[in-house]
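Comments concern the structure below.
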Amino acid sequence: MYIRIIIVVLLMLALSTCATSPTGRSQLIFMPDDEVDAMGLQAFNNLKSEKPISNNRRVNQFVQCVATAITAEVDGNWEVIVFDDASLNAFALPGNKIGVHVGLVDLVDNQDQLASVIGHEVGHVLAKHSNERMSQKLGAQVGVSLIAAVAAPQTALGQTAVSLLGVGAQYGIIMPFSRLHESEADNIGLELMAKAGFDPVESITLWRKMAQASQGGRPPEFLSTHPSHATRIEDLQALMPRAMELMRMAHAAGKKPDCVK
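If you count by mature numbering (1 follows the signal peptide of the UniProt record, and there is no 0), then the sequence shown holds residues -19 to -1, 1 to 242, one letter each, in order.
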């Protein structure tokens, strides 16, 4: 029995890849990026076929404007879809896919608040948090089987796979990102929005609005899948001097987003 355990551990180590997140944190990742990207693409296609997509031109232009400014600071082409859903939610998936719910657009007051959410979600993708979670929770063989399972999200294994990607609440299973991942996504997202020329101070306003929206009832879907802690705003405030400097540099370089809600 012990020999089998040792063999499994050795195989896991052999398959593992030492990676470094955008913040310099060491990560244990063994699933190939292209396979995780394929899972993200499949999950996103599932959502587009199952959930109504908003045809509101004004809302779409607003979201696309903010998302384009954010993703211009990173590599790759990103697909952005606005879902006609009243819940307060947004997500980004491996493979450069972004989904935003109309309910979240209604909640935010301006482009900067929406940029803080999109930046946060893109931060999860850039840091490969979905891959890291799969690598931590699942063996290599199980991980490979999840690739096919995403195509059938109604099954138990499919729900687990989709939840690991970060959209499990869509199918009834919630698997929150860890506090470490949340803090890292906040950090990356704050820098992204500042580099794009958005006002990082509005990120604090946004999280306060989300907290208020959760009082006296069920927390917004965004907070149910992205746990909010009392220290979140404090952490953002500690990062603010650096973020404000990045915003000033962006403005000096002519980056001044003008996305009208």
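Virtual Cβ for every residue (Gly too), placed ideally from N, Cα, C.
Worksheet item: What's the C-alpha gap between cysteine 240 and alanine 224?
Response: 20 Å
Discussion item. Proline 238 and alanine 177 - do their beta-carbons sit closer together than 9 Å?
Written reply: yes
Practice prompt. State the DSSP-derived secondary structure class of lysine 242, mapped to helix, strand or coil.
Written response: coil
Item to complete: Tell me isoleucine 185's beta-bridge partners as DSSP assigns them.
Response: DSSP lists no partner for isoleucine 185.
Worksheet entry | Environment of glutamate 215 [buried if 16+ CB atoms lie within 10 Å] | exposed
Discussion item. With H, G and I counted as helix, E and B as strand and the rest as coil, what does DSSP make of lysine 236?
Written reply: coil
Practice prompt. Would you mind sorting serine 30 into buried or exposed? The rule is 16 or more other CB atoms within 10 Å of its CB.
Written response: exposed
Practice prompt. Over the uninterrupted alpha helix (DSSP H) stretch that includes valine 63, give me the two end residues.
Written response: Segment 60 to 64 is the beta strand (DSSP E) holding valine 63; no alpha helix (DSSP H) there.
Worksheet item: Nearest to threonine 4 by CA position, among Asn168, His82, Arg114, is which residue?
Response: Asn168
Fill in: Through-space distance from alanine 19 to proline 13, alpha-carbon basis
10 Å
Discussion item. Suppose contacts are defined by Cβ-Cβ distances below 9 Å. Is valine 47 in contact with alanine 96 by that definition?
Written reply: yes
Worksheet item: Would you say glycine 21 and lysine 78 are within 9 Å of each other, going by their C-beta atoms?
Response: yes
Practice prompt. Round the Cβ separation of glycine 100 and isoleucine 51 to the nearest angstrom and send it over; I've been treating them as touching at under 8 Å.
Written response: 5 Å
Worksheet item: How about alanine 67 and valine 89: are their beta carbons less than 9 Å apart?
Response: no
Fill in: alanine 219 versus aspartate 87: straight-line alpha-carbon distance, rounded
28 Å
Worksheet item: Since valine 55 and valine 98 are thought to touch, with beta carbons under 8 Å apart, how far apart are those beta carbons, to the nearest angstrom?
Response: The pair is not a contact, with the Cβ atoms about 16 Å apart (cut-off 8 Å).
Worksheet entry | Nearest candidate by alpha-carbon position, reference phenylalanine 25, set Ser2, Glu60, Met115 | Glu60
Item to complete: Below 8 Å CB to CB, which residues in the same chain sit around arginine 229 once its five sequence neighbours on both sides are set aside?
Response: none
Worksheet entry | Coarse secondary structure for phenylalanine 179, derived from DSSP in three states | coil
Discussion item. Is the separation between the beta-carbon of serine 111 and that of leucine 161 shorter than 9 Å?
Written reply: no
Item to complete: Could you work out which residue in Ser164, Lys109, Gly57 is closest to phenylalanine 11 when comparing CA atoms only?
Response: Lys109
Worksheet item: Quick one: what's serine 7 bridged to in DSSP?
Response: Thr1
Discussion item. Can you tell me whether glutamine 94 is buried or exposed? The criterion is at least 16 other CB atoms within 10 Å of its CB, across all chains shown.
Written reply: buried
Worksheet item: In terms of residue numbering, what span does the alpha helix (DSSP H) encompassing leucine 69 cover?
Response: Where leucine 69 is concerned, there is no enclosing alpha helix (DSSP H), given that its DSSP letter is neither H nor E.
Worksheet item: Who are the Cβ neighbours of valine 44 in its own chain at under 6 Å, not counting the five residues just before and after it?
Response: Val63, Val81
Worksheet item: Using a Cβ-Cβ cut-off of 7 Å (strictly less than) and excluding sequence neighbours within five positions of isoleucine -14, which residues of its own chain qualify?
Response: The predicted model places isoleucine -14 with a pLDDT of 37, which falls under 50 and marks its position as unreliable, so this point remains unresolved.
Worksheet entry | 8 Å CB neighbourhood of valine 40 in its chain, flanking five on each side removed | Val63, Val83, Val86
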